[in-house]
């Protein structure tokens, strides 16, 4: 009988051996019933594990289809359209009030067509604010 | 990332369920892990396959939480009823009580190793990447588990049991010789 370790046989069953090693194990299997039966048992174990995990996966698919697992996606919060319109109206109202209250526009429009008033001629007259003009002062001195 | 996670959900759920050994706890662990992955998505490096990364994230979270328990060994124990609950009861799906019982009594780390290799089809290196182990450690876990299950199967089957005994006798004769 050829002695092959479980380590080698498990690697063979799992398909982890290189080609030469696989061929060598297969040669032994053809000649040694004991090793062949051990490989059968390991293959059976391998197959049962695969089937068990497949069965669990089948159950998971059914369960997940019934109940979502992921948390809901966080969508960017949409602002209330009416609230936005309200805020805009209030803003426009405040702006108009400032215009009307501060400058009188548009209730009092400047008369753009009217001719500008001629500038007062600089005479010897005395301005109530600035006092007598320098020409008047010099005339008085004389 | 969200789309990739949704596509993987059944596999991720199976991983958490098998790891924890209980559907309810598995679901809770998966939720926590998903939230962590979505919040820390920038940590994902594109050079490793997404599924390996996601499994590793779940495993690290589970391991980290387990370490915080006063008695991690007790925490990791699974009840028979809870574990059998992982297998669907639908018609047409054969329940393998022997394998279910075998898996239930394995440590969670060993169960998850078997799942990654025999359920997910990962090679030893990829499974090691998920569980933060080298390929040799994965190999030795698989050998222990596979040999143990094969022994159980032999003991259940008289013909195989005979063969197994013969093998053991032959080995002892050889070693004696």
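Residue numbers (the working numbering), protein chains in the order written: chain A, 59 to 200; chain B, 11 to 187.
Positions of the beta carbon are idealized from the N, C-alpha and C atoms, including for glycine.
Only a predicted model underlies this, so the values are computations on that prediction, with no experimental measurement involved.
Handout entry: 8 Å Cβ shell around residue 109 (chain B) - same chain, five flanking residues per side excluded
Key = 159
Practice task
Any chance you could list the alpha helix (DSSP H) runs of at least 4 consecutive residues sitting entirely within the stretch 29 to 71 of chain B, in chain order?
Solution key: If we require 4 residues or more, the alpha helix (DSSP H) runs fully inside the stretch 29 to 71 of chain B come out as 33 to 49.
Practice task
Look up residue 125 (chain A) in the DSSP assignment and say whether it is helix, strand or coil.
Solution key: DSSP places residue 125 (chain A) in coil when its eight states are reduced to three.
Practice task
Assign residue 63 (chain A) to one of two classes, buried (16 or more other C-beta atoms within 10 Å of its C-beta) or exposed (fewer than that).
Solution key: exposed
Handout entry: Extent of the continuous alpha helix (DSSP H) to which residue 68 (chain A) belongs
Key = 64 to 71
Exercise for the section: Inspect the CB distances between the stretch 50 to 63 of chain B and the stretch 138 to 153 of chain A and report whether three or more fall short of 8 Å. Expected result: no
Problem - Contact set for residue 32 (chain B): own chain, Cβ-Cβ below 6 Å, skip 5 residues either direction - result: Non-local beta-carbon contacts of residue 32 (chain B) in its own chain, meaning distances under 6 Å to residues more than five positions away in sequence, involve 92 in chain order.
Exercise for the section: Could you have a look at residue 1 (chain B) and say whether DSSP puts it in helix, strand or coil? Expected result: Because chain B is modelled from 11 through 187, residue 1 (chain B) falls outside the range shown and cannot be assessed.
Problem - Interface partners of residue 27 (chain B) on chain A, CB under 8 Å - result: The answer, in chain order, is 114, 118.
Handout entry: Extent of the continuous alpha helix (DSSP H) to which residue 118 (chain B) belongs
Key = 118 to 124
Handout entry: Rounded C-alpha distance that separates residue 14 (chain B) from residue 148 (chain B)
Key = Note on geometry: alpha-carbon atoms of residue 14 (chain B) and residue 148 (chain B) lie some 27 Å from one another.
Exercise for the section: Could you tell me whether the stretch 126 to 133 of chain B touches the stretch 32 to 51 of chain B, where touching means 3 or more Cβ pairs closer than 8 Å? Expected result: no
Practice task
Kindly say whether residue 33 (chain B), judged by its beta-carbon, lies nearer than 9 Å to any beta-carbon of chain A.
Solution key: The beta carbon of residue 33 (chain B) sits closer than 9 Å to some beta carbon of chain A.
Exercise for the section: Please decide whether residue 60 (chain B) counts as near chain A, where near means a Cβ-Cβ distance under 9 Å. Expected result: no
Exercise for the section: Kindly say whether residue 124 (chain A), judged by its beta-carbon, lies nearer than 9 Å to any beta-carbon of chain B. Expected result: no
Exercise for the section: For residue 83 (chain A), return the contacting residues in chain B, with the cut-off set at a CB-CB distance below 9 Å. Expected result: In chain order: nothing, as chain B lies at least about 15 Å away.
Handout entry: Buried or exposed by the 16-neighbour rule on C-beta atoms within 10 Å, applied to residue 157 (chain A)
Key = exposed
Problem - Run of the alpha helix (DSSP H) containing residue 140 (chain B), from where it starts to where it stops - result: Where residue 140 (chain B) is concerned, the enclosing alpha helix (DSSP H) stretches over 134 to 141.
Handout entry: DSSP three-state assignment for residue 100 (chain B), whether helix, strand or coil
Key = coil
Exercise for the section: Excluding the 5 residues preceding and the 5 following residue 145 (chain B) in the sequence, name in chain order all residues of the same chain whose CB lies nearer than 6 Å to its CB. Expected result: For residue 145 (chain B), where only same-chain residues beyond five positions count, the Cβ hits under 6 Å are 134, 135, 138.
Problem - Amino acids of chain B, ordered along the chain, whose beta-carbon sits closer than 8 Å to that of residue 86 (chain A) - result: By Cβ distance, chain B contributes nothing, its closest Cβ being about 13 Å from residue 86 (chain A), past 8 Å.
Exercise for the section: Check whether the Cβ atoms of residue 42 (chain B) and residue 71 (chain B) sit closer than 9 Å, and answer yes or no. Expected result: yes
Exercise for the section: Take residue 107 (chain A) as the anchor and find which of B:140, B:77, B:122 has the nearest alpha-carbon. Expected result: The shortest Cα separation from residue 107 (chain A) among B:140, B:77, B:122 belongs to B:122.
Handout entry: Three-way DSSP call (helix, strand, coil) for residue 92 (chain B) in this model
Key = helix
Handout entry: chain A residues whose Cβ lies nearer than 7 Å to that of residue 164 (chain B)
Key = 99
Problem - Candidates B:38, B:36, B:25, B:64: closest to residue 12 (chain B) by CA position - result: When each option's Cα is compared against that of residue 12 (chain B), the closest is B:64.
Exercise for the section: Confirm, please, whether the CB-CB distance from residue 62 (chain B) to residue 140 (chain B) is below 9 Å. Expected result: yes
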